[in-house]
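Chains as they are written, first to last, in the numbering used here: chain A, 29 to 487; chain B, 1081 to 1398. We put the CB at the ideal spot given by N, CA and C, even for glycine. The structure displayed is predicted, hence computed values, not measured ones.
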């Protein structure tokens, strides 16, 4: 029997949310019915060099999905206060009808009672400022004596609508500037009793790259001084990392309508049969957990789950970008959808669109128009961490943590990180992508880096 | 009700006007939560091992053991009565939603009301000490047993009707008016049902998707079920709680209690497709739950046939 009343948690709360999300993501797959594009794309999509992600090893995929087991978690404080801050930013653009709910930027804040350094943590691709991973990092940082501010990714729809100055997310420098401007506004509006002694930034996944860029911008503009930056599992070449996730989707789910439909049907049947056998009165969290552990067993299934949850995040970013840029891929610029309009068809179309299409049809056309001297190649080159390579190499306040089996990095990229950061990077053997966030060693090292205790830290 | 609505509108207006709002939330308790996760991970591992052994033992047993009661584990042969669900049986990925336009407006209204009133009330309520909250939760759960008794009877599942009745009697007396779920400690855990399940048993399909004001995602059948259940409670009017002045206060507390137990926030995904996503998941969830109900009923039929055969001295199976 798979289900008993004790099945409630094979996973910790953190993993629970991830598993739920993954399973929800898998269930959300739907067919696409859009016609084939007859025109060849005028702009070459970014290439995805390196080993195909579908060949990532089993342990890495598993860790990526299930995260740190509860028994390996760093010790956490017993109580973490939490407040939600909603802020309307002075430069925000008119809010499109369909995004009426994303008017304000929403961030989460945990304050110490005494003067303390502030740690600002940036979320991963497409995610908001209160994910399970952020909750873990918040607990660890709060426990170590920091005020903690957690922020959404600049690719999260709520950020794109409320905060982005372009509406077309994914450009490292532009997103970094928007993030930095928002941080200054938020810090200025914190209650007076919050006394801040120092400011550090962190981020995981894409948020890691964002954090480093934000620090580099702050170094030049300097209104809100940022001391140290820690990147957790950052990408090195944004578009090739994302390209790898596209490839994972094609490998594990297949392109075209049939792949997603097949996955949906298989999962539906599997869940229905598991549910019948479980004898539960209704589908609840425990059931979903047990089902996820049962339904996700093979590498192909892990890969499908990772690829699909990424694709679902991409749909939102694609839609928002197309709407703001007026590129007309799925949103008619002259007749944008209104509140009562169905978006089902739009979503179906987007579900079948890889990131490369966002790049060629929305991102590149927009930025080529707004940056006179740019080319598609230069846009791709601008989205590498190497744009701040010299700073990363010479400024001892930048740190990174990653895993040698992280699916979003290839060998050259990992080597570049090691070479650039020297002693300021910790590379763990296992964990896949973010699969060891919260683990004892990861947290201890992160806190050492932030506090300047790490070997090779700036004096 | 008018007062609550007025308060909601005020809060919405106020919320739009200010540039920055800082709202304190219930604190997190990471240490305790992780400790609980460690414990249940161990329990899960143990259960998986034990269940592995049990499954083998089950296979050796004959069918129709007393353990095969409807709320117990499935007996190994039970699922044979219905063919398993195959990928071909999965419903289309389109959801029948002829009232989409009005549903979308209702969804938006619900989101705004939730943000301005419901969620705030639920967050405030979460600060109440947990024994009090669970007392309140048990109290309302106990009241709903009445609907379960009636609906199990209408579904002709008399054992379960009896069980719900037993729970109601035990919890109302020993459980001090339903504040304690004493019955669950006596190995009689709750298994609530309602008119929607009864209608399903009678062969009614879920029907079109329906977003109900204040309540949220539903289907036509679930909506009718809710109305019927509420009407039944109103008609029976246990202890005079459903009519008169006290009913408003009680209804509000009930709503806040239910909201505080649902871990969902409108538009926390920030996604323009949230309506589509929730609709998809809600309807698939209900369809799978219907599959479960069908399987239980068919298992029960198979069991009663087996018992009859046994009674006339024929072999139970081929």
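If contact means a Cβ-Cβ distance below 8 Å, which residues of the segment 279-301 of chain A contact chain B? Taking 8 Å as the Cβ-Cβ cut-off, the segment 279-301 of chain A approaches chain B at 289, 290, 292, 293, 294, 296, 297, 299, 300 and 301, given in chain order.
Any C-beta of chain B sitting closer than 8 Å to the C-beta of residue 477(A)? Residue 477(A) is outside the set of residues whose beta carbon lies under 8 Å from a beta carbon in chain B.
Out of curiosity, what's the CA-to-CA distance linking residue 388(A) and residue 397(A)? One C-alpha to the other measures close to 13 Å.
Is residue 411(A) near the ligand MG - that is, is its Cβ less than 7 Å away from at least one heavy atom of it? Judged by which ligands are present, the structure shown has none, so any question about the ligand MG falls away.
Determine contact between the segment 1169-1183 of chain B and the segment 1285-1295 of chain B, defined as no fewer than three beta-carbon pairs at a distance below 8 Å. By the C-beta criterion, the segment 1169-1183 of chain B is judged to be in contact with the segment 1285-1295 of chain B, since at least 3 inter-stretch pairs fall below 8 Å.
How many Å lie between residue 511(A) and residue 148(A) at the Cα? Residue coverage of chain A in this structure runs from 29 to 487, which leaves residue 511(A) outside it and unanswerable.
May I have a chain-ordered list of the beta strand (DSSP E) segments no shorter than 3 residues that lie completely inside the segment 136-188 of chain A? Taken in chain order, the unbroken stretches of beta strand (DSSP E) that lie wholly in the segment 136-188 of chain A and span 3 residues or more are 144-150 and 175-179.
Host alpha helix (DSSP H) of residue 1312(B) (start-end): Per DSSP, residue 1312(B) belongs to the alpha helix (DSSP H) from 1300-1316.
Residue span of the alpha helix (DSSP H) that contains residue 1439(B), given as start and end: Look at the range of chain B in this structure, 1081 to 1398, and you will see that residue 1439(B) is not part of it.
Contact check, residue 1243(B) vs residue 1302(B), beta carbons under 8 Å: The Cβ atoms of residue 1243(B) and residue 1302(B) lie no closer than 8 Å to each other.
Can you tell which of 1382(B), 1166(B) and 1213(B) has the C-alpha that lies nearest to the C-alpha of residue 1333(B)? If we check each option's Cα against that of residue 1333(B), 1213(B) comes out closest.
Proximal chain B residues relative to residue 217(A), where beta-carbon distance stays under 9 Å: For the C-beta of residue 217(A), the chain B residues within less than 9 Å are, from N- to C-terminus, 1099, 1100 and 1102.
Using a Cβ-Cβ distance under 8 Å, would residue 1167(B) count as near chain A? By this cut-off, residue 1167(B) is an interface position.
Contact criterion: CB-CB distance below 8 Å. Does residue 1105(B) meet it with respect to chain A? Answer yes: the Cβ-Cβ gap between residue 1105(B) and chain A drops below 8 Å somewhere.
Please compile the residues from chain A whose C-beta is within a distance smaller than 8 Å of the C-beta of residue 1369(B). Within 8 Å Cβ-Cβ: 303, 310 and 311.
If you measure beta-carbon to beta-carbon, which residues of the segment 317-349 of chain A are closer than 7 Å to chain B? Under the 7 Å Cβ criterion, the segment 317-349 of chain A contributes 343, 344 and 347.
Taking any Cβ of chain B, which residues in the segment 365-380 of chain A have a Cβ under 9 Å from it, in chain order? If the cut-off is 9 Å between Cβ atoms, the segment 365-380 of chain A has 365, 367, 368, 369, 370, 371, 372, 374, 375, 376 and 378 near chain B.
Count the CB pairs spanning the segment 179-198 of chain A and the segment 1335-1353 of chain B that are closer than 8 Å, and state whether there are at least three. Touching, yes, given that three or more Cβ pairs across the two stretches are closer than 8 Å.
Determine which residues of the segment 1169-1192 of chain B have a Cβ less than 7 Å from any Cβ of chain A, and write them out in chain order. Residues of the segment 1169-1192 of chain B that bring their beta carbon within less than 7 Å of a beta carbon in chain A comprise 1169, 1170, 1173, 1180, 1181, 1184, 1185, 1188 and 1191, in sequence order.
Do the CB positions of residue 1278(B) and residue 1234(B) come within less than 8 Å of each other? Their beta carbons are under 8 Å apart, which means residue 1278(B) touches residue 1234(B) by this criterion.
Could you have a look at residue 427(A) and say whether DSSP puts it in helix, strand or coil? In this structure, residue 427(A) counts as strand in the three-state DSSP scheme.
For residue 1151(B), which three-state DSSP category applies? Below a pLDDT of 50, predicted positions are generally treated as unreliable, and residue 1151(B), at 41, falls in that range; the measurement from the model is reported next regardless. If DSSP states are grouped into helix, strand and coil, residue 1151(B) belongs with coil.
Unbroken alpha helix (DSSP H) runs of length 4 or more, entirely within the segment 1190-1275 of chain B: which are they? Those alpha helix (DSSP H) runs which fall completely within the segment 1190-1275 of chain B and span 4+ residues are 1199-1205, 1210-1234, 1238-1253 and 1262-1265.
How big is the Cα-Cα spacing for residue 114(A) and residue 380(A)? Roughly 33 Å between the two C-alpha positions.
Can you pull the DSSP bridge partners for residue 228(A)? Beta-bridge annotation (DSSP): residue 228(A) is paired with 147(A).
Could you give the DSSP three-state label for residue 207(A): helix, strand or coil? DSSP, read as helix, strand or coil, puts residue 207(A) in helix.
What is the DSSP secondary structure of residue 114(A), counted as helix, strand or coil? Look at residue 114(A) here: in three-state DSSP terms it is strand.
Give the secondary structure of residue 109(A) by DSSP, where H, G and I count as helix, E and B as strand, and everything else as coil. Of the three classes helix, strand and coil, the one that applies to residue 109(A) here is strand, per DSSP.
Might you give, ordered along the chain, the residues of its own chain that have their beta carbon closer than 6 Å to the beta carbon of residue 260(A), omitting 5 neighbours on each side? Hits under 6 Å: 232, 236 and 429.
Assuming residue 1175(B) contacts residue 1363(B) under a Cβ cut-off of 8 Å, what Cβ separation, rounded to an integer in Å, is found between them? Indeed they touch by this definition, with Cβ atoms about 5 Å apart.
Any beta carbon from chain B within less than 8 Å of residue 464(A)'s own beta carbon? Cβ-Cβ to chain B under 8 Å: no for residue 464(A).
Residue 438(A) versus 247(A), 197(A), 273(A) and 180(A), residue with shortest Cα-Cα distance: That would be 273(A), whose Cα lies nearest to the Cα of residue 438(A).
Residue nearest to residue 349(A) in terms of C-alpha spacing, selected from 88(A), 124(A), 443(A) and 167(A): The residue with the shortest Cα to Cα distance from residue 349(A) is 124(A).
Coil, strand or helix - residue 1105(B) by DSSP: Three-state result, residue 1105(B): strand.
Neighbourhood of residue 1285(B) by C-beta, 8 Å cutoff - its chain only, sequence neighbours within 5 removed: Cβ within range, chain order: 1301.
Where in the segment 368-439 of chain A do unbroken runs of the alpha helix (DSSP H), each at least 4 residues long, occur, reported from the N-terminal end onward? Whole alpha helix (DSSP H) segments, 4+ residues: 372-379, 383-386, 392-398, 404-410 and 417-422.
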